[in-house]
Every structure is written in structure tokens, then in C-alpha cells.
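A.B. asks: As you go down the protein sequences, you meet chains A and B in turn.
Quick note on this note's numbering: the first sequence kicks off at 41 and runs consecutively.
Quick note on this note's numbering: the second sequence kicks off at 131 and runs consecutively.
Provided herewith is a single structure, encoded as C-alpha cells, for subsequent inquiry.
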Amino acid sequence: MATVSADTPGFWNETRRFTRFLAGEMKPRGRILTPFNVITIAIMVVAAVILYIRFTQGLGSVTNLSQEVPWGLWIGFDVITGVAFAGGAYVLTFVVYILNVEKYQPIVRATVLNGFLAYVFYAGALLLDLGRPWNVINPIIGNSFGVSSVLFLVAWHFLLYMTAELLEFAPAIAEWAGWPRLRRWLNRLTLGAVIFGITLSTLHQSGLGALYMMARDKVHPLWYSEFIPIMFFVSSIFAGLSMVIFEGSITHRVFHHRVGRDLERSHDGIVQGLARICAGTLFVYLFLQLLVFVHGQKWEYLTTGWGSWYLLEVIGFVALPSWLFLHGVARKSSRVIRTAAALTLVGIVLNRLNISVIAFKWYLPVRYVPSWQEIVVTLAVLSAEIWVFRWVVNRMPVLDSAHVRADVGERIERAPASAA
Amino acid sequence: MRRRSAVKTLALAAGSTLVGRNLAQARAPSPKTDLAAATGSRAILVDTTKCIGCRMCERACAEANGLPEPAKSVESGTVRITSESQWTVVNRYETENGPVNVKRQCMHCLQPACTSACLTKAMYKTGEGPVIWRGDKCMGCRFCMLSCPFDIPKFEYHSANPRIQKCQMCFDRLKDGGMPACVSVCPVNATSYGTRTEMLELAWSRVYGEPDKYVHHVYGEDEAGGTGLLYLASVPFEQLGFRTDLSQTPYPTFTRDFLYAVPFVLTLFPPFLLAVSKATAGNRQQDSEG
Numbered sequence: 041m042a043t044v045s046a047d048t049p050g051f052w053n054e055t056r057r058f059t060r061f062l063a064g065e066m067k068p069r070g071r072i073l074t075p076f077n078v079i080t081i082a083i084m085v086v087a088a089v090i091l092y093i094r095f096t097q098g099l100g101s102v103t104n105l106s107q108e109v110p111w112g113l114w115i116g117f118d119v120i121t122g123v124a125f126a127g128g129a130y131v132l133t134f135v136v137y138i139l140n141v142e143k144y145q146p147i148v149r150a151t152v153l154n155g156f157l158a159y160v161f162y163a164g165a166l167l168l169d170l171g172r173p174w175n176v177i178n179p180i181i182g183n184s185f186g187v188s189s190v191l192f193l194v195a196w197h198f199l200l201y202m203t204a205e206l207l208e209f210a211p212a213i214a215e216w217a218g219w220p221r222l223r224r225w226l227n228r229l230t231l232g233a234v235i236f237g238i239t240l241s242t243l244h245q246s247g248l249g250a251l252y253m254m255a256r257d258k259v260h261p262l263w264y265s266e267f268i269p270i271m272f273f274v275s276s277i278f279a280g281l282s283m284v285i286f287e288g289s290i291t292h293r294v295f296h297h298r299v300g301r302d303l304e305r306s307h308d309g310i311v312q313g314l315a316r317i318c319a320g321t322l323f324v325y326l327f328l329q330l331l332v333f334v335h336g337q338k339w340e341y342l343t344t345g346w347g348s349w350y351l352l353e354v355i356g357f358v359a360l361p362s363w364l365f366l367h368g369v370a371r372k373s374s375r376v377i378r379t380a381a382a383l384t385l386v387g388i389v390l391n392r393l394n395i396s397v398i399a400f401k402w403y404l405p406v407r408y409v410p411s412w413q414e415i416v417v418t419l420a421v422l423s424a425e426i427w428v429f430r431w432v433v434n435r436m437p438v439l440d441s442a443h444v445r446a447d448v449g450e451r452i453e454r455a456p457a458s459a460a
Numbered sequence: 131m132r133r134r135s136a137v138k139t140l141a142l143a144a145g146s147t148l149v150g151r152n153l154a155q156a157r158a159p160s161p162k163t164d165l166a167a168a169t170g171s172r173a174i175l176v177d178t179t180k181c182i183g184c185r186m187c188e189r190a191c192a193e194a195n196g197l198p199e200p201a202k203s204v205e206s207g208t209v210r211i212t213s214e215s216q217w218t219v220v221n222r223y224e225t226e227n228g229p230v231n232v233k234r235q236c237m238h239c240l241q242p243a244c245t246s247a248c249l250t251k252a253m254y255k256t257g258e259g260p261v262i263w264r265g266d267k268c269m270g271c272r273f274c275m276l277s278c279p280f281d282i283p284k285f286e287y288h289s290a291n292p293r294i295q296k297c298q299m300c301f302d303r304l305k306d307g308g309m310p311a312c313v314s315v316c317p318v319n320a321t322s323y324g325t326r327t328e329m330l331e332l333a334w335s336r337v338y339g340e341p342d343k344y345v346h347h348v349y350g351e352d353e354a355g356g357t358g359l360l361y362l363a364s365v366p367f368e369q370l371g372f373r374t375d376l377s378q379t380p381y382p383t384f385t386r387d388f389l390y391a392v393p394f395v396l397t398l399f400p401p402f403l404l405a406v407s408k409a410t411a412g413n414r415q416q417d418s419e420g
């Protein structure tokens with residue numbers, strides 16, 4: 041009892057302090073009327089109107105979805121492509137926390153934050169696409185478990201993975217809020233969250249591909265194979281890392297004032313290391329593509345228009361960037377590496393959209409083309425994510441890796457003498 | 131610290147094994163129950179050689195299910211598909227044997243793609259055979275539409291409270307001992323209703339009775355692993371708008387391998403990752419000292 045009464049005023053003082061602190065942090069920093077802000081606000085306002093129409097008059101009022109094509113841009117791009125782009129978080133946490141390669145530590149927080157926000161906003165996009173979103177709790181609260189469904193697995197994994205990524209990022213929040221005891225406690229959860237997160241990522245990155253296993257008669261044979269889940273998993277590695285490289289080069293410039301000394305010094309080395317991993321996994325992926333192609337005896341399709349489209353994807357956006365990454369590493373050229381990353385990202389967009397939209401029901405006389413409303417909502421989701429990312433990066437210790445030194449210090453302190 | 135990690139891993143592994151086992155049980159219907167479902171479940175046999183294309187079944191269907199009345203006249207030569215407001219359609223095809231009328235609706239597969247795609251069990255295969263939709267569970271993700279090899283489930287795109295619409299084989303009438311509305315109203319007995327075994331026997335006895343009249347194929351006996359709708363015809367089925375390139379394997383099988391891998395990954399990855407992390411822990415200290 042005595043401890044409670046002694047703690048209570050402290051707790052209230054702390055709550056008051058944090059509320060004031062949060063109110064201060066909520067204020068915008070820097071100029072408000074920048075071109076980026078004006079454009080994204082316009083997009084988000086238009087999207088809000090579109091979504092009002094969508095929820096009052098049905099999906100058909102703003103999308104070009106049909107009885108033949110039930111999944112369009114919102115699933116094919118926002119969810120399926122977006123989650124592949126967010127793969128960097130599980131790959132990097134694997135390298136840093138499982139393989140214990142210290143070198144990449146300075147970019148872990150930014151990558152995990154990006155991954156977390158990507159999942160939050162893409163899961164949000166999934167809700168926009170649901171016809172009866174009020175029933176979304178059914179597969180979660182357990183009154184209706186459709187465990188034979190791949191989508192059940194994917195939905196649960198999204199939810200659990202978001203939790204894991206939040207835990208991985210939580211120490212940064214605790215540092216920002218000034219709660220050192222909570223931070224130490226959260227730090228101890230990191231390895232568990234990382235292990236859980238990598239396991240979940242393996243399954244749902246491939247699971248997104250497994251969604252199309254029963255649509256085997258609807259996806260063009262050049263893109264359909266029973267190996268789609270494996271291909272999705274392998275490609276999520278270089279998709280995620282290319283995003284880290286690409287996004288890192290932008291973040292580095294835009295948030296230059298927030299970048300810490302460690303990251304400043306090691307950035308080029310990190311990018312080259314990531315480029316090596318990308319080149320390697322791209323090559324593995326290219327080989328898998330070839331294997332599936334030969335195994336499926338798909339030669340006859342090569343001479344068709346779909347064949348050229350397929351070759352463009354595989355040669356132009358898998359083989360070429362794989363070579364460019366190697367070239368960039370050999371020349372130590374960040375510019376070449378960035379180009380390779382950009383090409384890789386385009387290739388992932390092509391691949392995911394080919395399976396989910398472009399080569400889906402390729403035999404239909406009337407093809408699905410997304411409506412402008414679908415595109416605006418997609419851009420709005422992206423804008424909202426960037427806004428939140430910017431808010432966090434400008435306030436929390438994300439790009440400054442002072443925390444890394446604190447971490448290492450702590451670990452050395454606690455390490456047994458024999459190991460040292 | 132180390133002991134605590136070991137306990138954590140054990141708990142994780144135990145937890146995922148439990149989950150894994152439950153999932154595996156739920157996912158693997160034993161061959162025995164499959165057989166029971168196949169023999170006991172109800173089916174409809176459509177004999178396209180008998181159908182005169184009067185479309186009384188279309189009207190009976192609309193009446194029984196509270197759907198808008200189908201259009202009185204239909205432009206000849208167009209192929210209509212079922213829609214969110216019409217669960218069954220009769221199309222006329224010009225063939226080498228003259229015009230043939232084909233009634234289409236949900237095929238009520240023995241192991242439906244749609245029900246195994248559904249993450250809320252809103253699409254549900256009843257023990258009696260019909261595949262029904264339950265609105266209180268459905269979240270409108272439309273994965274059933276993506277998965278169905280026959281493209282049957284339809285979605286109300288222009289509603290704020292959209293439903294999935296498709297033939298339910300008049301499940302409510304069946305429960306009361308009745309028969310589907312479309313079958314009961316057919317004036318020329320082009321449709322028959324009974325257990326699937328009876329319908330298969332009836333189908334093949336017709337084929338064997340008049341071997342020159344029928345093609346020797348009962349559509350739906352093996353397609354998609356067997357369906358609750360069976361078809362007889364005098365011309366090859368591809369001439370009547372049927373997909374004949376469908377797999378004879380039940381569609382849920384195509385995701386089964388992936389789903390079986392889930393408990394393995396969930397069980398094996400965490401201890402492996404933890405072990406690697408502990409084994410490489412030296413890297414970090416050396417790096418930071420160097």
C-alpha cells in the first residue's frame with residue numbers, strides 16, 4: 041500500500057509531463073505550405089470524398105472491379121506489392137539480430153519503422169476493399185475460424201507481425217518519451233519479437249502467392265506455377281532491400297539534419313553490402329524463374345505478346361538489375377546501385393501486378409483497368425504513410441544511432457567475462 | 131538470461147505445435163468423411179438433351195429466392211451468365227446436333243474451392259450437399275470469387291451492405307424434405323434430384339441405354355474433384371460453354387501443401403533462429419571492440 045501511495049503522485053506527474061510533451065510534439069515543424077504538402081493534402085481530401093461514396097454506395101460506385109475481376113489495384117498493388125516492399129524489415133532484423141552483423145544496425149530502426157507503417161497502412165487498404173468490413177472481427181475473435189483458408193493465415197500474420205514490428209520499434213518510442221526503465225524492459229523483448237517476426241514473414245510473404253493457387257486456371261501460364269509461394273518469398277528479400285536502398289537515399293537527403301554520425305559514416309558501406317545481397321538473391325530468383333519455365337514447358341507462349349511481356353519482366357527487371365548491382369558494387373558507385381534498386385522495384389510491381397491484375401484472366405475480351413478513383417485512394421494511402429513516417433523521424437531517434445552505442449555498452453557490461 | 135530464453139523458445143515451440151496440430155486436423159478431411167459426403171449428399175442431374183429452353187426454372191428460382199423476375203424475352207445467340215440478381219440461367223447453343231439448351235448455376239462441388247478459400251466459413255458446404263452463404267460471417271473479401279473455377283459467386287458491387295449471391299440449391303426447402311424450386315417446376319423432367327449416387331447411376335443408365343444419343347461423359351462426375359451438379363449432353367461439352375480444361379483434383383488440394391508447411395515453419399524456425407543468434411553472438415562483441 042505504502043509503495044502505491046508513494047508512486048501515485050509520481051505517476052500522475054509523469055502523465056502530466058508526457059501529455060504536455062506530446063502536445064508540443066504534435067505541432068508541425070518547418071514550413072507547412074511546401075509543394076509536397078499541398079499536393080498530398082489535395083490527394084487525401086479527394087480520397088476522403090471517394091471513400092465516403094464508396095462506403096455509402098458500394099465498391100462499384102468508385103472502382104472498376106467486376107464479377108469477373110474481384111481483386112484490383114487495391115489488393116494487387118497496395119497489399120500484395122506493398123507487403124513485398126516492406127520485406128526489408130525482416131531481412132535486416134535477421135542480419136542484425138540473428139546473424140549479429142553490427143554493420144547494418146544504424147538503418148534497422150528506419151527500416152522497421154517503414155515496415156511497420158507499411159503494414160498498418162496496407163492492412164488499412166485491405167479494410168477499404170472489404171465489402172462487409174464490420175465482419176472483419178469474425179476470423180479474429182474466434183467465432184468463425186476458416187483455418188483451411190490461405191487468407192486466414194495471411195490476415196492473422198498481418199496482425200501478429202504488426203505487433204512484432206511495433207515491439208521491435210518500441211524502444212525508440214520509449215527513448216523519445218523519456219522512459220528509460222520501460223526502454224530497458226522493451227529492449228529485452230526485441231530478440232523474441234525479431235524471431236517471431238521473421239517466422240511470420242516467411243509464411244505470409246509466401247502466403248500472398250499461395251492466394252493464387254486455386255486461381256490456377258485464371259492466371260496466365262507464364263506467371264502461374266505451383267512454385268509461386270517460393271518465388272514470392274525469395275523476391276520479397278530483394279524487393280525489401282531494394283526499397284531500403286531506394287528509400288534510404290531519399291530519407292538521407294530529406295532528413296539530413298536527423299541523420300546521426302554513425303549512419304553518416306557507414307551509409308555507403310551499408311548500401312554496398314545490401315547491393316551484394318540483392319545481386320545474389322536476384323540471381324537465385326532468376327534461376328528459379330528459369331527452372332519453373334523449363335519445367336513447365338512453357339516455350340510455346342514465348343512467341344506470343346504475353347511472351348514478350350514476360351521476357352521484359354524477367355530480363356529487363358530481374359537479370360539487368362542483378363548485373364547492375366554487381367557492377368555498382370565493383371565500381372563502388374552508389375548511383376548505379378540506386379538505379380539497380382529502382383529497376384528491381386519496378387520489376388516487383390510488374391511481377392505482382394501481372395499475377396494479380398494484368399495476366400489475371402488474360403483471356404477476357406474486356407480487361408480490368410483501375411479507375412482514377414482507385415489510383416487516387418492508393419496515392420492517398422501512400423501519402424498518409426509518408427506523413428506519419430515524417431512525423432516520427434522528425435521526433436524520435438530513428439536515423440540517429442546513439443542508441444546503438446548505448447545498446448552495445450549495455451551488452452558488454454552484462455556479458456560474462458569468459459566470453460569477452 | 132540464457133535459461134529464460136530457453137524457456138521462451140520451448141513455450142513458443144509448444145504453442146506453435148499445438149496450433150499446428152489443430153490446423154492440421156481441421157485441414158485434412160479423412161477419406162472416410164469425404165466418401166460419406168459424396169454418397170449421402172444431394173445432387174441435380176441436368177439432361178441437356180431434354181431441355182426445351184422454356185426458362186420456367188429461371189422464374190421459379192427468382193420466386194423461391196426473392197430475386198427480381200428474369201427478363202421475359204432473351205436475345206438469341208447471346209450467352210448470359212448468372213448474376214447477383216439471377217442465380218440460374220438457361221442458354222441456347224447452336225451445335226452440330228441442332229440447338230441445345232443448357233441450364234447453369236452453382237456446381238455445388240464436393241470439395242469446393244470457395245469454402246476452403248473463405249476465412250470466416252461464410253461459404254459453407256452443408257452435409258446435405260448444397261454450398262450456402264452466411265451473411266453474418268462474410269466480410270466481403272471476394273476470395274471465393276477469385277478461387278471458384280466456375281466463376282459462380284457474384285458480389286453486389288452497388289450496395290453499401292453487399293451480399294455474395296449464388297444458387298444455394300434451395301437449402302431451406304431441402305431441409306424440409308422438399309426439392310430445389312428449379313427441379314420441381316421443370317415440365318419435361320430435364321432436371322432430376324436425388325442423392326449424388328442415384329444421379330450418377332441415372333446418368334450412366336441413360337448413356338448406356340442410348341449410347342448413340344449421348345456423349346460418354348457425365349460432366350461433374352470428376353471435374354474439380356466432383357460436383358453436385360451433373361450434366362448429360364449429345365455434343366462435346368466444350369461446345370456448350372463448359373470449361374473442360376479444369377483439374378480433376380479437388381481445388382482445396384492446391385493450397386494444402388502450402389498450409390501443411392505452416393506448422394513446420396512455425397515450429398522449426400523460432401528455435402533455429404534463436405540458436406543461430408546465440409551462436410553468432412560473438413560477432414557483435416568483437417566488432418564493437420575492434
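Glycine residues also receive a C-beta, built at the ideal position from the N, C-alpha and C atoms.
Alpha carbon to alpha carbon, how far is Asn319 of chain B from Arg234 of chain B? Give it in angstroms, no decimals.
C.D. replies: Their Cα atoms are separated by approximately 16 Å.
A.B. asks: Could you give the uninterrupted runs of the beta strand (DSSP E) lying entirely in the region 206 to 253 of chain B, keeping only those of 3 residues or more?
C.D. replies: 219 to 225 and 228 to 234
A.B. asks: At 7 Å on the CB atoms, spell out the chain A contacts of Ile269 of chain B, in chain order.
C.D. replies: Sequence inspection shows Met at residue 269 of chain B; the Ile mentioned does not correspond to that position. What Met269 of chain B touches in chain A: Leu170, Arg172, Pro173, Asn175, Val176 and Asn178.
A.B. asks: State the DSSP-derived secondary structure class of Ser171 of chain B, mapped to helix, strand or coil.
C.D. replies: coil
A.B. asks: Going along chain B, which residues have a C-beta under 8 Å from Phe156 of chain A?
C.D. replies: Per Cβ cutoff of 8 Å: no residues; Phe156 of chain A is ~20 Å from chain B at best.
A.B. asks: Given a threshold of 16 other Cβ atoms within 10 Å of its Cβ, counted over all protein chains shown, does Asn227 of chain B qualify as buried or as exposed?
C.D. replies: exposed
A.B. asks: I want to see whether chain B comes within less than 8 Å of Glu108 of chain A, judged by CB atoms only; does it?
C.D. replies: yes
A.B. asks: Rounded to whole angstroms, how far is the Cβ of Val397 of chain A from the Cβ of Thr121 of chain A, which I believe are closer than 8 Å?
C.D. replies: Contact doesn't hold; Cβ gap of about 10 Å is too wide.
A.B. asks: Could you confirm whether any beta carbon from chain B is found closer than 8 Å to the beta carbon of Asn391 of chain A?
C.D. replies: no
A.B. asks: Relative to the C-alpha of Ser289 of chain A, which candidate in A:Gln312, A:Val417, A:Ile277 and A:Gly347 has its C-alpha closest?
C.D. replies: A:Gln312
A.B. asks: Thinking C-alpha only, which one of A:Phe236, A:Ala315 and A:Gly171 is nearest Phe198 of chain A?
C.D. replies: A:Phe236
A.B. asks: If I follow the unbroken beta strand (DSSP E) through Asp361 of chain B, where does it start and stop?
C.D. replies: The displayed chain sequence assigns Tyr, not Asp, to residue 361 of chain B. Here the beta strand (DSSP E) through Tyr361 of chain B covers Leu359 to Leu362.
A.B. asks: Strictly under 8 Å for the Cβ-Cβ distance: is His288 of chain B near chain A by that measure?
C.D. replies: yes
A.B. asks: Quick check: the Cα distance between Gly116 of chain A and Asp169 of chain A, rounded to an integer number of angstroms?
C.D. replies: Cα to Cα, Gly116 of chain A sits roughly 11 Å from Asp169 of chain A.
A.B. asks: Would you mind stating whether Phe273 of chain B and Glu214 of chain B have Cβ atoms separated by less than 8 Å?
C.D. replies: no
A.B. asks: With a threshold of 7 Å on Cβ separation, who are the neighbours of Thr208 of chain B within its own chain once the five nearest residues in sequence on each side are excluded?
C.D. replies: none
A.B. asks: Run through chain B and tell me which residues come within less than 9 Å of Gly98 of chain A, C-beta to C-beta.
C.D. replies: Glu286, Tyr287, His288, Ser289, Ala290, Asn291 and Pro292
A.B. asks: Would you verify that the beta carbon of Ala255 of chain A is, or is not, closer than 8 Å to some beta carbon of chain B?
C.D. replies: yes
A.B. asks: If you draw a straight line from the C-alpha of Leu376 of chain B to the C-alpha of Tyr403 of chain A, how long is it?
C.D. replies: Cα to Cα, the separation comes out at about 15 Å.
A.B. asks: For Phe280 of chain B, which of helix, strand or coil comes out of DSSP?
C.D. replies: In the structure shown, the three-state DSSP call for Phe280 of chain B is coil.
A.B. asks: Buried or exposed for Leu342 of chain A, please, with buried defined as at least 16 other CB atoms from any protein chain shown within 10 angstroms of its CB.
C.D. replies: exposed
A.B. asks: Thinking C-alpha only, which one of A:Arg149, A:Ala163 and A:Arg71 is nearest Leu207 of chain A?
C.D. replies: For Leu207 of chain A, the nearest C-alpha among the options comes from A:Arg149.
A.B. asks: Do you know offhand how far Val337 of chain B's Cα is from Val220 of chain B's?
C.D. replies: 23 Å
A.B. asks: Which of helix, strand or coil does DSSP assign to Asp177 of chain B?
C.D. replies: strand
A.B. asks: Hey, could you find the ends of the alpha helix (DSSP H) Val85 of chain A is sitting in?
C.D. replies: Pro75 to Gln97
A.B. asks: Please list, in chain order, the chain B residues whose beta carbon lies closer than 7 Å to that of Pro269 of chain A.
C.D. replies: Phe388
A.B. asks: Using alpha carbons as the reference points, say which of B:Val345, B:Thr218 and B:Leu175 lies closest to Ala192 of chain B.
C.D. replies: B:Thr218
A.B. asks: What are the residues in the region 240 to 254 of chain B lying within 7 Å of chain A by C-beta distance?
C.D. replies: Ala243, Ser246, Ala247, Cys248, Leu249, Thr250 and Lys251
A.B. asks: Taking 8 Å as the cut-off, does the region 324 to 332 of chain B touch the region 180 to 196 of chain B (at least 3 CB pairs, one atom from each stretch)?
C.D. replies: no
A.B. asks: Here's a check: name, in chain order, each residue in its chain whose Cβ is nearer than 8 Å to the Cβ of Ala126 of chain A, leaving out the five neighbours to either side.
C.D. replies: Asn154, Gly155, Ala158, Tyr159, Tyr162, Gly280 and Met283
A.B. asks: Give me the chain A residues within the contact set of Thr385 of chain B, using Cβ-Cβ distance strictly less than 7 Å, ordered along the chain.
C.D. replies: Val190, Ala250, Met253 and Met254
A.B. asks: Spatial neighbours of Glu54 of chain A within its chain, please: CB distance less than 7 Å, with the 5 preceding and 5 following residues excluded, ordered by chain position.
C.D. replies: none
A.B. asks: Which partner residues of Glu324 of chain B appear in the DSSP bridge assignment?
C.D. replies: The sequence shown places Gly at residue 324 of chain B, rather than the Glu named in the question. Answer by DSSP bridge pairing, in chain order: B:Ala173.
A.B. asks: Once the 5 residues before and after Ala233 of chain A are set aside, which same chain residues still bring their CB inside 7 Å of it?
C.D. replies: Ala204, Leu207 and Glu208
A.B. asks: The alpha helix (DSSP H) that contains Val261 of chain B, what's its start and end?
C.D. replies: Not the alpha helix (DSSP H): Val261 of chain B falls in the beta strand (DSSP E), residues Val261 to Trp263.
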